[in-house]
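Every number in our numbering is 37 more than the matching position in the sequence shown, counting from 1. Note that CB positions come from ideal geometry on N, CA and C, so glycine has one too. Here is the structure we will look at.
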Amino acid sequence: LSQAAASALVLFSSMTNSWHTGQWDITQLTHPVSCLIFTSAIAMKLGLVPFHFWFPEVLQGSPLTTGLLLSTVMKFPPITLLYMTSHSLNPTLLTSMALLSTAVGGWMGLNQTQIRKILAFSSISHLGWMTIIISYAPKLTLLNF
């Protein structure tokens with residue numbers, strides 16, 4: 038359900054951007070509201086802090102194959118969108134979300150006894166590092182994935 042809401046937010050941000058700027062190019066987000074909505078939607082899709090609430094529980098409760106797909110393959114499209122639009126997003130917001138994801142993922146993972154939740158919080162922490170790299174050196178992200 039949270040993934041459907043995030044997809045709707047991506048569409049809504051592209052519509053508001055096209056309404057304000059007159060172009061449908063998602064890589065040229067120029068309106069601040071569109072950038073904020075898009076950043077929130079991508080953070081929700083990736084499971085970055087503060088939108089990480091769904092990821093550990095879903096990974097814990099899903100079968101092994103579904104959990105594998107959720108933690109690997111389902112991260113490619115949002116990371117690709119973040120990579121393509123990183124130049125037009127707010128770097129302060131991305132940096133703060135990335136640092137919080139790295140810290141919260143590490144701290145919450147220390148308290149876990151179940152392997153899948155440890156992997157989920159490790160994934161949140163890793164996505165924080167990737168978001169930091171996307172913010173400051175986008176081409177280096179391809180080596181980190």
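Rounded to the nearest angstrom, the Cβ distance from G104 to R153 is 6 Å, consistent with a contact under 8 Å. For L46 against S77, the beta-carbon gap comes to about 6 Å, under 8 Å, which counts as contact. For the 8 Å CB-CB criterion, F75 and T122 form a contact.
Between the segment 146–160 and the segment 59–67 there are fewer than three inter-stretch CB-CB distances shorter than 8 Å, so the stretches are not counted as touching.
Taken atom to atom, the span from the alpha-carbon of S138 to that of L101 is near 24 Å. Scanning A43, A42, S44 and P69 for the CA closest to the CA of S55 turns up P69.
When the Cα atoms are used, L106 and Y120 turn out to be separated by approximately 21 Å. In its chain, beyond the 5 residues on either side, Q65, L66, T67 and C72 have a beta carbon closer than 7 Å to the beta carbon of S125. Shown here for F49: same chain residues with a beta carbon closer than 7 Å to its own, the five before and five after excluded, namely I74 in chain order. Ranked by Cα distance from A80, the first of V95, A42, L96 and H57 is A42. T103 carries a helical assignment under DSSP once its states are collapsed to helix, strand and coil. Taken atom to atom, the span from the alpha-carbon of S172 to that of N148 is near 29 Å.
Setting aside the 5 residues that flank it on each side, S160 is surrounded in the same chain by S108, each with a C-beta closer than 6 Å to its C-beta; the list follows chain order.
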